[in-house]
Amino acid sequence: MDEILRIFWGFLSTVLFGGLLGLGLAVASKKLKVEKDETVEALENALPGLNCGSCGYAGCSSYAEAVAEKKDDDLSKCKPGGPESLAAIGKIMGIEVDLNATRMVAYVHCMGSNDKTSRSFEYEGLTDCNAASLLFGGSKDCKYGCLGLGSCINVCPANAIEKTGDGLVRVKPELCISCGKCVEICPNGVIRMIPEDADFIVACNSKDKGKDTKAKCSVGCIGCKICEKKFPEAGYKVQDNLSIIQYDNRGPGRADAVQKCPVKCIIPYAERKSNETMEVE
Amino acid sequence: MKRLNTFPKGGIHPRDCKEASCDKVIQNASMSNTAVVPLSQHIGAPAECLVKKGDIVEEGQLLGKSGGFVSANIHSPVPGEVKEIKNIFLPNGISTPAVVIEMQGEFSRLGKAVPSIPWEGMSVEELTAKVSEMGIVGQGGATFPTHVKLAIPKGKTCEIFIINAVECEPYLTSDHRVMMEKGREVLEGIRIIQKILSPSRTVIGIEANKMDAVEHLDTLIKQSGLNMEVMPLQVKYPQGAEKNLIKAVTGKEVPSGKLPLELGVINANVGTCLSIYEAVVEDKPVIERVVTVSGGAIKNPSNLKARIGTSFRTLIEDCGGFSEEPAKIVAGGPMMGFTVYDLDTPVTKGTSGILALTDKEIKAARQTACLSCGRCLSSCPMGVNPTKIFKLIDNNMIDEAAEAGLMDCVECGSCAFMCPAHIPLVQGFRTGKKILRKNAMKKAGK
Amino acid sequence: MTSTVKKAGKLALICAISALLLGIINSVTEPIIAERKKIELQNALISLIEEGTPGAKEDLAEGIITSRYPIEGPGGWILDMTGKGYGGDLKILASYKPDGTVMDVVLMDNSETPGLGKKAEKSSYMDKFRGKGGSEPVPVSKDMIQESPDTITGATITFSAVANTVKEGSDYVKTLGDK
Amino acid sequence: MSELTKGFIRENPIFILMLGLCPSLAVSTQVVNALGMSVGVLFVLLGSNIMVSLLKNFIPEEVHIPAYIVIIATFVTLVDLLMQAYAPSLSKSLGVFVQLIVVNCIILGRAEAFASKNNVKDSIVDALSMGLGFFFGLTLISLIREVFGAGTITLFPMGSFDGVIEIPGLVNAPIRIISLSAGALLVVGYLKALFNWLSERPAKEAS
Amino acid sequence: MKEKIKITSSPQFHHPQSTSSIMWTVSLCLLPAGLWGIYMFGFRSLLVMAAAIIASVATEALLGLINKDKTVSDGSAFLTGLLIGFNMPPAVPIYVVVVASVFAIAVVKWTFGGLGANWMNPALAGRVFVFFSWTSGMTKWTLPHPGTIDAVSGPTPLGSLKTGLASLTPSVQGPLDLLSAEGVPVSYMDLFLGRIPGCIGEVSALLLILGGLVLIIRKIVNWEIVVSYLGSFALFVWVFGGFRYGTGLFTGDVLFHMLSGGLMLGALFMATDMVTSPLTSKGMIVYGIGCGFMTYLLRFFGSVPEGVSLAIIFMNIFVPLLNRAFQPEKFGMIAAEQEAGK
Amino acid sequence: MSYLGIIITYVFISNVILSQFLGLCPFIGVSKNVESALGMGFAVTFVMSIASLVTWAIYHMILLPLGLIYLQTIVFILIIAALVQLVEMVVQKYSPILYKALGIYLPLITTNCAVMGIALINVNSGYNVIESFTAGFSGGLGFLLAITLMSAVRVQMETEKVPRYLKDAPIAFISGGLMAMAFMAFDKALLNNLIG
Ligand SMILES: Cc1cc2nc3c(=O)[nH]c(=O)nc-3n(C[C@H](O)[C@H](O)[C@H](O)COP(=O)(O)O)c2cc1C
Ligand SMILES: Cc1cc2nc3c(=O)[nH]c(=O)nc-3n(C[C@H](O)[C@H](O)[C@H](O)COP(=O)(O)O)c2cc1C
Ligand SMILES: Cc1cc2nc3c(=O)[nH]c(=O)nc-3n(C[C@H](O)[C@H](O)[C@H](O)COP(=O)(O)O)c2cc1C
Ligand SMILES: Cc1cc2nc3c(=O)[nH]c(=O)nc-3n(C[C@H](O)[C@H](O)[C@H](O)CO)c2cc1C
Ligand code: SF4
Ligand code: SF4
Ligand code: SF4
Ligand code: SF4
Ligand code: FES
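Residue numbers (our numbering), protein chains in the order written: chain F, 1 to 281; chain S, 282 to 727; chain H, 728 to 906; chain L, 907 to 1113; chain C, 1114 to 1455; chain Y, 1456 to 1651.
Okay, here's the thing in structure tokens:
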């Protein structure tokens, strides 16, 4: 009898307690409804939540807020989220997003490794390209090339950049999340974004006159215009003594130019991707 | 004995190494056959080039015209033919166009007596115009165009004019020698500035390791009954830094991020005063300056009066060349100066010294991680936290570094001098400031 | 409003089912738990004496002694005591002959350090007390034991706590006389 | 299958999700405690996941948290009562941490994140995966802590075996601090680093 | 001229001290006290010191190799090893010493990134780690026996004090009195010179003070920490130290407590480790007072006789917070604030 | 035990985090910067003090007299959940400043072992009502102390070259371990010597 009475009391008090609690919560949740914007919440879910800051906001949720409040109309700022995020965000905001845009990856446009370039002094100080470039633009005589001290390595959130061991760095395209931080930090602007499916690359950044470039580096683009003139349809354009390759214009002769380039600074991308060394024959 | 004034916080006492050259009378330096005259010898916009290849120029002829509000004229130091205009690197690591002049023809001033121009009757405007025309820039190191400094904005007044005769950088003795040998001219220059600024008080601040200069100037002032005073200061680096000097002299702190004019103070270097004298009284543009050539690797350390554009090599040869292999060639003092790798680097308006330092002198050691010893904090005259700021910059947290006081740093180098871990703190701060500027520009651009 | 009540009702329903379920389970397990505790104590008591049986519990409030059990048969007492160890209270059961000689001691609940004070849980630890307290004094400091002071290095506090408690029990039993 | 094994490394509740840390540290002084605790957690996890996913449509949104809590607390109390009745010594050495399973973030976390969105079968798989992951993690911690900190491995007594394996050499002079609170935190820290490394490796290899 | 000349950022010259010269100088200043310990406690203590140093340096070398950072030559691992050796009783088992050293270098130092990154004093953390693990091995003391081979064990003054206090008789007037009553009489001179049992390097207050003074003069050791630590500790002992003997306030035996245990070693060489102490003078003073208070608390009330190691590593925890709280005053900030206020 | 004794016990000797392992999830999760650590610490202290009072009352006035101890777990957790909700609403309504400072941390507290743990420990230790409150309050203080110290250490570690896989959580655990080691300076014997 005692036992049953106790069970009864427990039953009753828990029911009362639960009921009151439920009532309270149900009422309260109604009264405090407006708490969070649904769109913001949905956007937050669509974002990867890495809080990497590559969108330029303090974190995923502040980007979500900015998008939701239409303060920012660029929906593609979250590079790490990739196409999935983009599509999801687009859906929430009611905008169609082009999923077919090719992924861009960073590329270090320089082949001037230690043995191929000249130097006039011994730099001593921080292992940081921006720091080194404050002193006579770095110890390499070419003031456009990669200093190889790896400022870009330090900022890359994806650990996608590594030193080659001979005074340069290279991007591992498969890890790159297209955030563009390396492009921004590099003092010499030698990193530029290229499409993932790039065929060829002019792996040089020197805007020096051909003669000067030749004196400083054995693989630098000398702006001889052979590529541009001999293969006018191939999409090579020489500006400021530097050949720029166009990826939206891949006409005939593209590959032939590689052979004709006197300094051999046009290289096939696929090869570079798999090869560890800088040698291109 | 009364304690001499100084700034209270931070500061260091490196060996001053001035004994090698402080008694050497200023000699005229040789001139190299070609003068390389950079068009940017000052802070601000480079001068606009007025000559082209093949032009024949006279001594003192205008080569470059002030290229903006903060900019200065450049004059030819020698007569000759313009051989080319090429880009060169200045010691501060910046690339600038320079006019290369091959010396030929006749000097119009050199060795000739020039009549002094009476200036008492000139108006303030005329005087400032003269300063501007003659291309005078501050010779204390910052090379800020002097006419801009002297043009006080409306609503502000100059209460105190301070002459920076501290010369706190080790090795350097050029200001010291100028005071000893050209005291009268310097005082005359100060009087010209007094006329322009009409301050109620004028103070010449000199560190106590130059008591002979203190006495010399004091006597001259007393003799002529001038309205200025000489104030000896305790020896402590960086007393010569503007804000610290003002604190030492007046006891007041220039607020963070503000100019000295906020306190009604203007200051100028002794050499600048001499230049003003020469400009106004002798009608002479800045075509030469006094340079201390010293350091353990120099055979005969000296003070030389050199034409702008003369190569470092010429000056070093004037001093008997190297006595041993130098580890570093420095333009300026060892605390704030820049290393150069090319002895063809020319003397500019801002070159106060050329030092050839030996391995023994520079005390290089392997860089290690920060020990958190706090020496950088206690030596910083600006009261910032160098190790914290450096670590933030090192981790790409530039905005946080700015918040922690990066922009307050005057790059005096006290912290890096003291750091037992030999961390290039100042280089880090320069890098941080560079990135900060870049970011700000990008933001403004957007 | 009705929907609010309905929601609250649903929660209440879940609570009710839970309470009911637990009530039933509890009514099953409660006696088992009680029984277990009793057996555990009984086993501990029996293990402390070689002959005779432990009698009924008598609650006490004599300093550190919380209760006593007369040993039926040869006489003597089992005391339930609380000492102050390194990590807190030590619950100690000890059996005494009527003259205060320690028959056996066991350390029950405690929060001593494993490897140090916890060693006292081992039966061999109590060897130093067995047979003491009558003609020979209970050892209360390290110097008073010869064989293995090693077991108590680094755990002096636990040792003194156990020793002092056992000694106090012995003294208490002596005051009871031959009753 | 990968759903079931994800809890071991890739989504290990202790080391990767970092949930349920308190019991992992508090009860891992002896292997036997870790085993007991894991079984308790697995039971509660299974029970509550099943119930939550069954009732997910019945429970109104506003009160879903209290409702989950009640369900979980019920299972915890069940475990607690059963342990007291049938495994009293285990119950004693686990102390309040049995009752604390209730707050233990894994269960709440999983109920919220998984069971309330999925069907019963998936919920069971998830509970098993998480429970086994917890079991794995906890056993690992306790093994390290007991071996180094006490020089023993304590299991269930069976027959003549008293349940304690003594590690020769260590048992007489163990690194005692490993079995104390400081050691627990240190061990978990290094294990977490190890798991960080392990969980990153497959990603690397795949690429 | 050299082929390639050095280009660096300013400043172009440097103060003569460097990390490694500091570390080696500190090691050198510790040497006399270490030699004294070896002389007092015999060959075995040399073995202990050697084991500590070798284990530390080897661990450092190995981890340096893994982290691609050559750091052995900076001397900090040598110093850490030396200090671990100093903090060991002469009779300690060698494996204890090795574990302490490996723990110090691998866990306390390199886990956080090596030299300068650790926030807790490695040597002391290593010592505390093994102390709590092998308490008995760490509390086996040897009587000083200069010149003779065989070691006799005996308690340290602070240890005897602890046991003696447990059964205090009212007639005892202070620690020295109590120790005579306990049968281990010592004099202030014994304590000062180091003719007492204790850890190898901590016994000779005299030699430690001399070494410490050299370091203070060379500005390697911050006087702020030393003064505030010793000062606050002395004050606490003087004011409250007499209570246990029933002699009331202001009767504590300051001299005895200053000279005994590892206080001098701790205050001069270990609390002053720059890596694990605050950056600014104000912070250092607060930290020193904290150390002083904690040492007093643990010595007089703790369950272990020696409080210095624990006091210092306890205060190490507060250092990051102290560094935040006591920032240097920025130049021109006062004026700037006034401006803003106006 | 005296109230001072309780405070010393729960702040130093049996610090909820460093020796009892209660509330580790937020300890690791919310200690990345000093500001949020302080916020979380105060929020926990606040809720823990009140929860100790309320659970004491429920236990001694309802569960014990009615013999319903087996419902302890379920009732306590519901009370804590409700309490946290209530506190959140009250604070939001009456002190927006406090809500801004603490509000965002409140939801994290329901799933925090420390609150429930201290409530259970209070009951098991047989404290009276004021002792319970003191224990709850000082348990909170202990949490506040530990999480604040940890956050300062972690902020400092952000700019050190911590090996990659040890970054963040592992380093927090290991730092916690070292802290716990230093906190072992405080033991029960010290307490006994100190307050008799
Ligand atoms: C660290 C530091 C040290 C300086 N030392 C001196 C010095 O010794 N003598 C000097 O005239 N100017 C020195 N200056 C430059 C002054 O701050 C200031 O620019 C100069 O006195 C202004 O005069 P000016 O414009 O005539 O050069 C120093 C600046 C800095 C930042
Ligand atoms: C982590 C730790 C745990 C301890 N545990 C105990 C214990 O369980 N029992 C005990 O009596 N003393 C314990 N102590 C205290 C000391 O080990 C001991 O009281 C002191 O060293 C004196 O012991 P001894 O004279 O036997 O060497 C502990 C100390 C520490 C540091
Ligand atoms: C065992 C031992 C080894 C030493 N090894 C070195 C060494 O490798 N490098 C070094 O710079 N100093 C070493 N020293 C110390 C130096 O001889 C000298 O004391 C120290 O560099 C003083 O530098 P300072 O004059 O700059 O203060 C060592 C000292 C000792 C005792
Ligand atoms: C004055 C001074 C005291 C030091 N004290 C210690 C010490 O107590 N323990 C230690 O491991 N290292 C000490 N070191 C060495 C070094 O700072 C230490 O290994 C770092 O903490 C490692 O990062 C000391 C160094 C100096 C300069
Ligand atoms: S790519 Fe640019 S940032 Fe990277 S290492 Fe080369 S120069 Fe430096
Ligand atoms: S920084 Fe960004 S863009 Fe550059 S390599 Fe790394 S991931 Fe790619
Ligand atoms: S360089 Fe900057 S941070 Fe360093 S001491 Fe000078 S002002 Fe301070
Ligand atoms: S002086 Fe150097 S080692 Fe010392 S705290 Fe500053 S940066 Fe670190
Ligand atoms: S398990 Fe305790 S707070 Fe998460």
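Here a beta-carbon is modelled for each residue, glycine too, at the ideal position from N, C-alpha and C.
Practice prompt. Could you pull out every unbroken alpha helix (DSSP H) segment of at least 4 residues lying fully inside the stretch 463-545 of chain S, listed in chain order?
Written response: 464-478, 492-505 and 523-531
Practice prompt. Have a look at the DSSP bridge pairing and note the partners of serine 744 (chain S).
Written response: Coverage of chain S is limited to positions 282 through 727, which leaves residue 744 (chain S) absent and any answer about it impossible.
Worksheet item: If you draw a straight line from the alpha carbon of alanine 1098 (chain L) to that of isoleucine 194 (chain F), how long is it in whole angstroms?
Response: This sequence places lysine at residue 1098 (chain L); alanine is not what is there. Answer to the nearest angstrom: the Cα atoms are 38 Å apart.
Fill in: Pairwise C-alpha distance: cysteine 176 (chain F) and aspartate 72 (chain F)
25 Å
Item to complete: Examine chain F for any beta-carbon lying closer than 9 Å to the beta-carbon of leucine 1493 (chain Y), and answer yes or no.
Response: no
Fill in: Between the CA atoms of tyrosine 1400 (chain C) and lysine 33 (chain F) - distance to the nearest angstrom
Residue confidence is low: lysine 33 (chain F) scores 44 on pLDDT, short of 50, so the model does not pin down where it sits. Its coordinate-derived value is still stated next. Answer to the nearest angstrom: the Cα atoms are 49 Å apart.
Worksheet entry | C-alpha distance - valine 551 (chain S) paired with serine 633 (chain S), whole-angstrom precision | 12 Å
Worksheet entry | arginine 465 (chain S) burial status per 10 Å Cβ neighbour count (16 or more: buried) | exposed
Item to complete: Using three-state DSSP, classify threonine 632 (chain S) as helix, strand or coil.
Response: coil
Item to complete: Note down the Cα distance separating serine 1122 (chain C) from aspartate 640 (chain S), rounded to an integer number of angstroms.
Response: 16 Å
Fill in: Simplified DSSP state of methionine 104 (chain F), which is helix, strand or coil
strand
Worksheet item: Is lysine 1616 (chain Y) close to chain S, meaning its C-beta is less than 9 Å from at least one C-beta of that chain?
Response: yes
Discussion item. Cβ closer than 8 Å: which chain C residues qualify as neighbours of glutamate 124 (chain F)?
Written reply: Lys1119, Ile1120 and Thr1121
Worksheet item: If we call anything under 9 Å between Cβ atoms a contact, is cysteine 204 (chain F) one with methionine 111 (chain F)?
Response: yes
Item to complete: Scan the stretch 1291-1340 of chain C and note each continuous alpha helix (DSSP H) run of 4 residues or more that stays entirely inside, going in chain order.
Response: 1301-1306 and 1318-1330
Worksheet item: When the Cα atoms are used, what is the spatial distance from lysine 1075 (chain C) to proline 627 (chain S)?
Response: Because chain C in this structure spans residues 1114 to 1455, residue 1075 (chain C) falls outside the shown range and cannot be described.
Worksheet item: With C-beta atoms as the reference, is methionine 1639 (chain Y) less than 9 Å away from leucine 1423 (chain C)?
Response: yes
Worksheet item: Can you list, in chain order, the residues of the stretch 742-768 of chain H whose Cβ is nearer than 9 Å to any Cβ on chain F?
Response: Cys742, Ala743, Ser745, Ala746, Leu747, Leu749, Gly750, Ile751, Asn753, Ser754 and Glu757
Fill in: Residues from the stretch 1526-1539 of chain Y in contact with chain F, defined by Cβ distance under 9 Å
Leu1526, Ile1529, Val1530, Leu1533, Ile1534, Ala1536 and Ala1537
Discussion item. For the stretch 131-145 of chain F, list every residue whose C-beta sits within 8 Å of some C-beta in chain C, in sequence order.
Written reply: Ala131, Leu134, Leu135, Phe136 and Ser139
Practice prompt. Please confirm whether any heavy atom of ligand 1 lies closer than 8 Å to the CB of glutamate 559 (chain S).
Written response: no
Discussion item. I believe tryptophan 1351 (chain C) touches glycine 1374 (chain C) by the beta-carbon criterion, under 8 Å. Please report the beta-carbon distance rounded to the nearest angstrom.
Written reply: In fact, because the Cβ distance is near 17 Å, the residues do not count as touching under 8 Å.
Worksheet item: What residue does the alpha helix (DSSP H) around threonine 409 (chain S) start on, and which one ends it?
Response: 405-414
Worksheet item: Can we count glycine 150 (chain F) as close to ligand 6, meaning its CB is less than 8 Å from some heavy atom?
Response: no
Item to complete: Would you verify that the beta carbon of aspartate 73 (chain F) is, or is not, closer than 9 Å to some beta carbon of chain S?
Response: no
Fill in: Top-ranked residue by Cα proximity to lysine 282 (chain F), from F:Gly235, F:Lys216, F:Cys217 and F:Ser218
Nothing about residue 282 (chain F) can be read from this structure; chain F reaches only from 1 to 281.
Practice prompt. Check the C-beta distance from isoleucine 670 (chain S) over to alanine 560 (chain S) and give it rounded, since I have them as a contact under 8 Å.
Written response: About 40 Å; that fails the 8 Å criterion.
Practice prompt. Out of F:Val108, F:Met104, F:Val40 and F:Asp115, point me to the one whose CA is closest to serine 218 (chain F)'s CA.
Written response: F:Asp115
Discussion item. Against serine 1266 (chain C), what residues of chain H qualify as contacts under a CB-to-CB distance less than 7 Å, listed in chain order?
Written reply: Neighbours of serine 1266 (chain C) on chain H: none; closest Cβ ~12 Å, over 7 Å.
Practice prompt. Would you mind sorting valine 1334 (chain C) into buried or exposed? The rule is 16 or more other CB atoms within 10 Å of its CB.
Written response: buried
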